[in-house]
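Counting from 1, position 87 in the sequence shown corresponds to residue 87 in UniProt numbering; the numbering is continuous, with no gaps. Beta carbons: idealized from backbone N, C-alpha and C, even for Gly. Presented below is the structure to which this report refers.
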Amino acid sequence: MQDAPPLLVFTDLDGTLIDHDTYEWAAARPALDALSRVSAGVVLASSKTAPEVSALRAQLQLGAWPAIIENGAGVVPAHTHATPDPDAYQQIRAALREIPDALRQHFTGFGDLRPAEIEKLTGLSAKAAAQARERAFSEPGLWGGDDAALVEFKAALRAFGISTREGGRFLTLSHGKNKSDQMARIINHYKPRHTIALGDAPNDVEMLETADFGIVIPNPKGRRLPELKGEAQGHIIRAQQAGPVGWNTAILGLLERLDL
Ligand SMILES: [Mg+2]
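This is the structure:
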């Protein structure tokens with residue numbers, strides 16, 4: 001068992017460590033280097049799939065740490081490129097085959113689409129769209145029916161132990177774990193002295209509230225996150241700048257404050 005790290009940082013990717021538009025993260029390099037110097041770990045936590053996150057994790061030289069994928073539905077362990085067992089995903093697809101046609105017809109999952117169609121839908125490159133389709137734990141898709149049918153669709157899936165989460169654009173089906181569930185398991189394993197989480201969106205809120213310090217990265221295009229639990233007590237910090245620039249400043253500031 002390795003020594004407990006002094007600090008574990010859990011970070012969202014899009015709009016947080018990575019710029020929304022350019023997908024750049026270079027502005028966060030000084031803070032990433034500083035974290036590495038004090039032997040702090042960085043756990044990526046994203047809605048992306050294992051192949052997408054593994055590629056980025058390698059670029060960031062964070063392969064020594066696990067990564068949370070598919071919005072917390074699964075984890076890529078440390079030191080491995082192994083593709084997670086897609087059993088959970090196959091179970092979701094199998095459940096979809098059991099749902100009555102009257103409801104099923106309104107849901108178009110990534111697994112129902114060809115890579116070129118996903119490319120068009122998401123604006124991802126051909127390679128990225130193919131990787132986004134390599135799912136192991138969750139199925140995002142578009143809902144085309146009305147609200148009443150959606151209530152029935154959700155209930156039908158619940159009978160198979162599958163829960164649904166509505167994001168900005170997609171309705172995502174999974175076995176119900178979220179980013180903060182996986183974060184709790186990882187904290188339990190490594191037992192870090194301090195924890196920090198960074199995120200910019202509603203699906204990061206639980207993670208931000210679970211950490212000793214949650215850093216809200218502003219999203220110039222989204223709605224401002226409401227006041228979070230612990231914000232009045234100083235456990236939540238609002239970064240001043242968006243993306244990796246805000247990430248860098250906020251982490252360097254906290255490292256100083258934690259005397260690391
Ligand atoms: Mg984000």
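Whole-angstrom C-beta distance between residue j and residue i, which should lie under 8 Å
i: A201; j: G15; result: 7 Å
i: G246; j: Q240; result: 6 Å
i: L171; j: I162; result: The pair is not a contact, with the Cβ atoms about 12 Å apart (cut-off 8 Å).
i: Q182; j: V75; result: 5 Å
i: A4; j: R193; result: 7 Å
i: P51; j: Q131; result: 4 Å
i: F107; j: G141; result: 5 Å
i: A55; j: K179; result: 20 Å between Cβ atoms; not a contact.
i: L32; j: L13; result: Actually they are not in contact, since the Cβ atoms of L32 and L13 sit about 13 Å apart, beyond 8 Å.
i: L157; j: A95; result: 6 Å
i: L260; j: P86; result: Not quite, the Cβ-Cβ distance comes to about 39 Å (not below 8 Å), so this is no contact.
Residues sharing a beta bridge with residue i, DSSP
i: L142; result: T108
i: G199; result: V216
i: H194; result: L7
i: A67; result: V76
i: A45; result: I68
i: T164; result: L173
i: I186; result: For I186, which the question treats as bridged, DSSP gives no partner whatsoever.
i: G14; result: The residue you asked about is not Gly; residue 14 is Asp in the sequence shown. DSSP lists I18 as partners of D14.
Limits of the unbroken beta strand (DSSP E) element including residue i
i: S39; result: From DSSP, S39 is part of no beta strand (DSSP E); its letter is neither H nor E.
i: L173; result: 171-174
i: E227; result: Careful: E227 lies outside any beta strand (DSSP E) and carries neither H nor E.
i: S125; result: From DSSP, S125 is part of no beta strand (DSSP E); its letter is neither H nor E.
Cβ of residue i within 9 Å of any chain C Cβ
i: S39; result: The structure shown contains no chain C, having only a single protein chain.
Proximal residues to residue i (C-beta, below 8 Å), its chain only, five neighbours per side dropped
i: P30; result: N248, L252
i: L254; result: I196, F213, I215, I237
i: R224; result: P218
i: L228; result: V205, L208, E209, G214, V216, I236
i: A26; result: P244
i: K191; result: A4
i: T11; result: L17, V42, V43, L44, A45, A197, L198, G199, W247
i: D112; result: G141
i: A78; result: G63, A64, W65, P66
i: E117; result: none
Element boundaries [alpha helix (DSSP H), containing residue i]
i: I92; result: 87-98
i: E256; result: 243-257
i: I150; result: Reading off the sequence, residue 150 comes out as Leu, not Ile. Start and end: 147-158.
i: T210; result: 205-210
i: I237; result: I237 -> not in any alpha helix (DSSP H); beta strand (DSSP E) instead, spanning 236-238.
i: T122; result: 115-122
i: P51; result: 50-59
Cutoff 7 Å; reference residue i; Cβ partners in own chain excluding five residues on either side
i: N188; result: none
i: W143; result: H106, F107, L150, L171
i: K177; result: G72, A73
Cβ-based neighbour list, residue i, same chain, cut-off 6 Å, excluding 5 preceding and 5 following
i: G109; result: E139, G141
i: R165; result: T172
i: G145; result: H106
i: A242; result: P218, P220
(message) Three or more C-beta pairs under 8 Å: does that hold for the region 65-83 against the region 98-110?
(response) no
(message) Using a Cβ distance threshold of 8 Å, determine whether the region 66-73 contacts the region 121-140, with at least three qualifying pairs required.
(response) yes
(message) Closer than 8 Å is the cut-off here; do at least three beta carbon pairs connect the region 9-26 with the region 191-200?
(response) yes
(request) Determine, using beta-carbon pairs with one atom in the region 143-163 and one in the region 118-126, whether at least three such pairs fall under 8 Å. (result) no
(message) Check whether the region 37-50 and the region 209-219 touch, using three or more Cβ-Cβ pairs below 8 Å as the test.
(response) no
(request) Go through the residues and name those whose CB comes closer than 6 Å to any heavy atom of ligand 2, in chain order. (result) Absence of ligand 2 is noted for the structure shown, with ligand 1 being the only ligands found.
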